[in-house]
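Enquirer:
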Amino acid sequence: MRKLAMLLVILSGSVMAYPKGEQGKMHMWCEQNWEKCKEYRLEALKIREKYIPKERECVEKANTFQDMRSCMMDVREQMRREFYQLRKKMLMEVSPQP
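Under mature numbering (1 follows the signal peptide of the UniProt record, and there is no 0), residues -17 to -1, 1 to 81 are what the sequence shown spells out, in order.
(1) What's the C-alpha gap between residue 16 and residue 48?
(2) From residue 72 to residue 46, what distance separates their C-alpha atoms?
(3) Expressed to the nearest angstrom, what Euclidean distance is found between the alpha-carbon atoms of residue 56 and residue 19?
(4) Taking the alpha-carbon positions, what's the residue 34 to residue 63 distance?
(5) Would residue 43 and residue 58 be called neighbours here (beta carbons separated by less than 8 Å)?
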């Protein structure tokens, strides 16, 4: 069960970090700027790894499913904010404003 939960967290994190509309731009940019792309990918992994213990804590401490769910919502919202900032930073480099 924990492995399934972790897999879902990792998959949802990667979807949040790289929305479909921006994947084409990012793919081309990554091919041209591998070192910078690598930095962003590693940063995204660090964000995901940072929240795994917090999610585990939510599951372990919860007495009911609803307790766990409300705790996870808070954790995921924080994670989404960090991914948003990372995406914003990356997109500024992908398509810089004149």
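Quick reminder that beta carbons are idealized off the backbone N, C-alpha and C, glycines included.
In this text the structure is predicted, and so the values were computed from the model without any measurement.
Expert: In this structure, then:
(1) Numbered from 1 along the sequence shown, position 33 holds the residue referred to as residue 16. Numbered from 1 along the sequence shown, position 65 holds the residue referred to as residue 48. Distance between the alpha carbons of residue 16 and residue 48 is about 44 Å.
(2) Stepping through the sequence shown from its first residue, residue 72 is reached at position 89. Stepping through the sequence shown from its first residue, residue 46 is reached at position 63. The alpha-carbon atoms of residue 72 and residue 46 are separated by roughly 39 Å.
(3) Residue numbering aside, residue 56 sits at position 73 when the sequence shown is read from its first letter. Residue numbering aside, residue 19 sits at position 36 when the sequence shown is read from its first letter. Computed Cα separation, rounded: 31 Å.
(4) Residue mapping note: residue 34 aligns to position 51 of the sequence shown, counting from 1. Residue mapping note: residue 63 aligns to position 80 of the sequence shown, counting from 1. About 11 Å.
(5) To locate residue 43, count along the sequence shown from 1; it is residue 60. To locate residue 58, count along the sequence shown from 1; it is residue 75. In this structure, residue 58 does not lie closer than 8 Å to residue 43 by Cβ.
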